[in-house]
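Step one of this worksheet: look at the structure below.
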DNA sequence: ATTCTGACA
DNA sequence: TGTCAGGA
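In this note's numbering, the protein residues as written are 99 to 225.
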């Protein structure tokens, strides 16, 4: 498939897909006219990449970890493994921070519901 | 109509 | 990353 279809199937823009390729994250062949051609398996790969980016991993880190995604079992480099463990720990810390922020918002919400009740009737409320 | 590379707000 | 230029 060409870049447009991959973009539609993954929700990742063609611009980002070209960027992913520059970073060595995705592979493509070229048509006679120079257009990128992707294997159907790249869809799942791109989805994983996008999720890692969303989770805060850098393109550099993602590139280091991706080989493990393909191999699944075999040659897992040591630095790749330690990188994954480190990123997992960072995500755990990020999650904890997000929960704290949500708790803070919950308190703010609880402290302000009464005002909303006074201002609006039939309000579905925040909880 | 779609994609490509390079470059910049 | 979005978007425009200038080509294929």
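Don't be surprised by glycine CBs; every beta carbon is placed ideally from N, CA and C.
Query                                                                                                                : Result
Other residues of its chain near residue 161: CB distance less than 8 Å, five sequence neighbours each side excluded : 121, 122, 123
C-alpha gap between residue 154 and residue 192, whole angstroms                                                     : 9 Å
Beta-carbon proximity check, residue 268 vs residue 110, cutoff 8 Å                                                  : This structure cannot speak to residue 268, because the chain is shown only from 99 to 225.
C-beta atoms of residue 106 and residue 134 nearer than 8 Å                                                          : no
Span separating the alpha-carbon of residue 102 from that of residue 164                                             : 23 Å
Boundaries (first-last residue) of the alpha helix (DSSP H) holding residue 137                                      : First-last for residue 137: undefined, no H or E at that position.
Endpoints, alpha helix (DSSP H) assigned at residue 212                                                              : 176–217
Distance, residue 190 Cα to residue 196 Cα                                                                           : 10 Å
For residue 127, the residue or residues it bridges with in DSSP                                                     : 135
Span of the alpha helix (DSSP H), counted from its first residue to its last, around residue 102                     : 101–108
Closest Cα partner of residue 114 within the set 198, 147, 213, 185                                                  : 147
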